[in-house]
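Peer 1: Numbering of the sequence shown is given in the working numbering, commencing with residue 2 and proceeding in unit increments.
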Amino acid sequence: MQVTSGVSAKWVLILFLLFFILFGLKTLLEEYLERKGGR
């Protein structure tokens, strides 16, 4: 039981990190495009 919960917790953490990284990259990309095409 504890092994299963540990594995699922690890996967939740991995998915959360992936989502956070993708969100950060999307924000940086939008900011870069705004700066590049703003002028």
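We treat Cβ as the ideally placed atom computed from N, Cα and C, and that holds for glycine.
1) Express the C-alpha separation of I22 and S6 in angstroms, rounding to a whole number.
2) Measure the alpha-carbon distance for E31 versus F17 and round it to whole angstroms.
3) CA-CA distance, I15 and G25?
Peer 2: With the given structure in hand:
1) One-based indexing of the sequence shown puts residue 6 at position 5. One-based indexing of the sequence shown puts residue 22 at position 21. In a straight line, the C-alpha of S6 is about 24 Å away from that of I22.
2) Within the sequence shown, residue 31 is the residue found at index 30, counting from 1. Within the sequence shown, residue 17 is the residue found at index 16, counting from 1. The alpha-carbon atoms of E31 and F17 are separated by roughly 21 Å.
3) Mapped onto the sequence shown, residue 15 falls at position 14. Mapped onto the sequence shown, residue 25 falls at position 24. Cα to Cα, the separation comes out at about 15 Å.
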